[in-house]
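The opening position of the sequence shown corresponds to residue 3 in the numbering used here, with each subsequent residue numbered one higher.
Heads up: the structure comes next, in structure tokens.
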Amino acid sequence: MNFQSGYIAVVGRPNVGKSTLVNELIGQKLSITSHRPQTTRHRINAIDTQENHQMVFVDTPGIHIGNNKAINSYMNKAASSSFADVDMIIWLVEIFKWTKEDARVLEHLGKVDIPVIICVNKIDKSSSVDKILPYLEMLGEKFQANEVFPLSAFDRSHTKQLRSLILKYLPEQDPIYDEDYITDRSQKFVVSEFIREKLMRNLSNELPYDITVEIEKFELDGKMYRIAARIFVDKASQKSIVIGHKGEMLKKIGQDSRITIEGFLEAKVFLELWVKVRQGWSDDKRALASLGYD
Ligand code: GDP
Ligand code: MG
């Protein structure tokens, strides 16, 4: 068999586990994850090259239903465009759950004619195997997929099996990316996303997701990276939540970020964070564009 390569879009409603699965499939943390539904905002390609194949996973923001803020329409566009121009689709659903947002993803899938693998995620949450079958039957009535595969994204043996399934459908062609590439995004982009992840994970749910990170300095100084980033929030009250009592919260976010960034860059990192109020940014198309959400 010749070399196989292709784009695999990982789609599904918010919070179903797409970014977790992509990280586990490539064996490296690249996509950011949290229990909050709007963590992934940008499309990111995660590339895994082996001796005889290259898988390019396209992690996407989930399709969001609800308010009409510019950021939401940006995310929906990023999500639905990922159904085009890929070689196959992994559609994630969550065991025992079926929501309006899953139905919305299904509408998009009705229009594609490439292989689709449905992955039923989070089966570690289910105590009995025989309860899984009726759920799979319900899915089967809604959509004829090439494969239906129950798994837990955290289970290495499951992700290994999933990789074999993908190889059944991956086209025979030359590699798309050079073998050293692990993502199509810049280091700066990945670093700013890691900081946003720590914000999402550390801050309470009262803080809206309208929070963004801009890298102002990214320098290699000998063997060490010097990085400075600015965190943008919507209101002064949010700024004090991010900074926290005596600066404790910002310190914690900085420490968590530094550890993840050091793992990614494989080098020591000196990280500085600032918080700045930029009013109404998430609803302002121009402000969005200035922050890279084109
Ligand atoms: P995304 O919005 O679809 O990208 O979802 P994330 O990857 O950010 O994951 C959302 C939440 O689900 C996170 O808290 C993950 O830790 C959790 N999660 C993902 N996969 C699994 C799984 O197989 N089992 C369980 N129990 N939780 C999972
Ligand atoms: Mg995600």
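Just so you know, even glycine gets a beta-carbon here, dropped at the ideal spot from N, CA and C.
Buried/exposed call for residue i, threshold 16 Cβ in 10 Å
i: residue 17; result: buried
i: residue 206; result: exposed
i: residue 222; result: exposed
i: residue 251; result: buried
i: residue 135; result: exposed
i: residue 159; result: exposed
i: residue 36; result: buried
i: residue 31; result: buried
i: residue 174; result: exposed
i: residue 240; result: buried
i: residue 182; result: exposed
i: residue 61; result: buried
i: residue 132; result: exposed
i: residue 139; result: exposed
i: residue 236; result: buried
Pair within 7 Å by beta-carbon distance, residue i and residue j
i: residue 147; j: residue 19; result: no
i: residue 21; j: residue 42; result: yes
i: residue 242; j: residue 197; result: no
i: residue 103; j: residue 15; result: yes
i: residue 195; j: residue 34; result: yes
i: residue 93; j: residue 122; result: no
i: residue 7; j: residue 40; result: no
i: residue 262; j: residue 234; result: no
i: residue 49; j: residue 58; result: yes
i: residue 186; j: residue 5; result: no
i: residue 161; j: residue 26; result: yes
i: residue 202; j: residue 270; result: no
i: residue 204; j: residue 245; result: no
Residue i Cβ short of 6 Å to the ligand SAH heavy atom set
i: residue 51; result: Of the ligands this structure carries, namely the ligand GDP and the ligand MG, none is the ligand SAH.
Residue closest to residue i, alpha-carbon to alpha-carbon, out of the options
i: residue 11; options: 88, 251, 180; result: 88
i: residue 105; options: 117, 57, 141; result: 141
i: residue 279; options: 246, 265, 202, 238; result: 238
i: residue 253; options: 277, 225, 266; result: 277
i: residue 29; options: 281, 184, 225, 275; result: 184
i: residue 115; options: 204, 96, 145, 187; result: 145
i: residue 191; options: 173, 229, 161; result: 229
i: residue 220; options: 199, 193, 200, 96; result: 193
i: residue 188; options: 163, 281, 266; result: 266
i: residue 169; options: 13, 91, 23; result: 91
i: residue 124; options: 199, 157, 216, 281; result: 157
i: residue 231; options: 244, 216, 172; result: 216
i: residue 167; options: 139, 199, 120, 137; result: 120
i: residue 137; options: 96, 247, 249, 236; result: 96
i: residue 23; options: 53, 113, 3, 165; result: 165
i: residue 257; options: 199, 13, 178; result: 199
i: residue 111; options: 248, 100, 13; result: 13
Beta carbon proximity, residue i to chain B, threshold 7 Å
i: residue 30; result: The structure shown contains no chain B; it holds only a single protein chain.
> Curious, which full-length alpha helix (DSSP H) runs of at least 4 residues does the segment 141-218 contain?
Replying inline: 158-171, 189-204
>> Quick check for students: name the residue ranges of the beta strand (DSSP E) that lie wholly in the segment 215-254, counting only runs of 3 or more.
In response: 226-235
>> Quick test of the definition: if touching needs 3 or more C-beta pairs under 8 Å, does the segment 123-132 touch the segment 151-167?
In response: yes
> Which parts of the segment 86-143 are runs of the alpha helix (DSSP H), unbroken and 4 residues or longer, counting only runs that do not cross its ends?
Replying inline: 102-111
> Taking the runs of the alpha helix (DSSP H) that are 4 residues or longer, which of them lie wholly in the segment 13-75?
Replying inline: 20-28
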